[in-house]
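>
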Amino acid sequence: MARIVGYIATSLDGFIATADGNLDWLTSQKFEAGEFTYEKFIAGIRTVVMGRDTYDWVAKNLSEWPYSAQRAIVVTSRPLPDPVGEIEVWNGGVDPLVAHLRDLADGDVWMLGGGRLQMAFMERGAVDEIEIYVIPEIIGGGIPLFPPTGLRASPKLVSVNLLPPGVVRLQYSFT
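Numbering (this note's numbering), first residue to last: 28 to 202.
(1) Within the same chain, show all residues whose beta-carbon is closer than 6 Å to that of TYR82, passing over the 5 residues directly before and after it, in chain order.
(2) According to DSSP, is PHE58 part of a helix, a strand, or is it coil?
(3) DSSP beta-bridge partners for GLY141?
(4) Starting from the Cα of MET146, find the closest Cα among VAL76, GLY119, PRO174 and give me that residue.
(5) Assign ARG196 to one of three DSSP states: helix, strand, or coil.
(6) In chain order, what residues of the same chain lie with their CB nearer than 7 Å to the CB of GLY142, ignoring the 5 residues before and after it?
(7) Could you give the DSSP three-state label for ARG98: helix, strand or coil?
(8) Alpha carbon to alpha carbon, how far is LYS87 from LEU107? Give it in angstroms, no decimals.
(9) With DSSP collapsed to three states, give me the class of ILE166.
(10) My output table needs one value for TRP92: the three-state DSSP class, helix, strand or coil.
(11) Can you tell which of ILE114, GLY167, ASN118, ARG179 has its C-alpha closest to the C-alpha of THR74?
(12) Can you tell me which residues form a DSSP beta bridge with LEU53?
(13) Can you tell me the Cα-Cα spacing of GLU156 and ALA29, whole angstroms?
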């Protein structure tokens, strides 16, 4: 059974992007990740799942498809003409998607990108663990880490790490 994990960065004031989707506040950061590098994380991921907004951002802003070594699922109800990269389009609802992902037995699943899809999974108790990287930037508004849905949960803090010069990695378990 696959584990479903989150891995996301947030500004100090709780946003994952500016209102227009800009990530310059994040991409300009230089910090020492140590044992918590993205490369080490992605090496353990077999499937990435993203919503349409995240897919559109990746397709528009990156020069090549970064998930060619993973199965990629894009959750959307809109057609994807001329998709970038090898992807599977999912429009069958979140509950069947959770069941489909849990049936995978070839590695972890990463809930990539924005908080709406991650929140939909958390509301169903379908996220096992999440890593949140708090970046020491205040951006004053934008897309929140998690949209307000009324969900109440008490994940267990697994670890906290300071990544010099000032990024904080928080790891929580929902199991």
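Just so it is clear, CB atoms sit at the ideal spot from N, CA and C, and this is done for glycine as well. Values in this document were obtained by computation on a predicted structure and should not be read as measured data.
On the basis of the data shown:
(1) VAL101
(2) coil
(3) In DSSP, GLY141 forms no bridge with anything.
(4) PRO174
(5) Correct three-state label for ARG196: strand.
(6) ILE43, PRO171, LEU172, PHE173, PRO174
(7) strand
(8) 13 Å
(9) ILE166 falls in the coil class under three-state DSSP.
(10) coil
(11) ILE114
(12) Paired residue(s): none; LEU53 is not in a bridge.
(13) C-alpha separation (whole angstroms): 12 Å.
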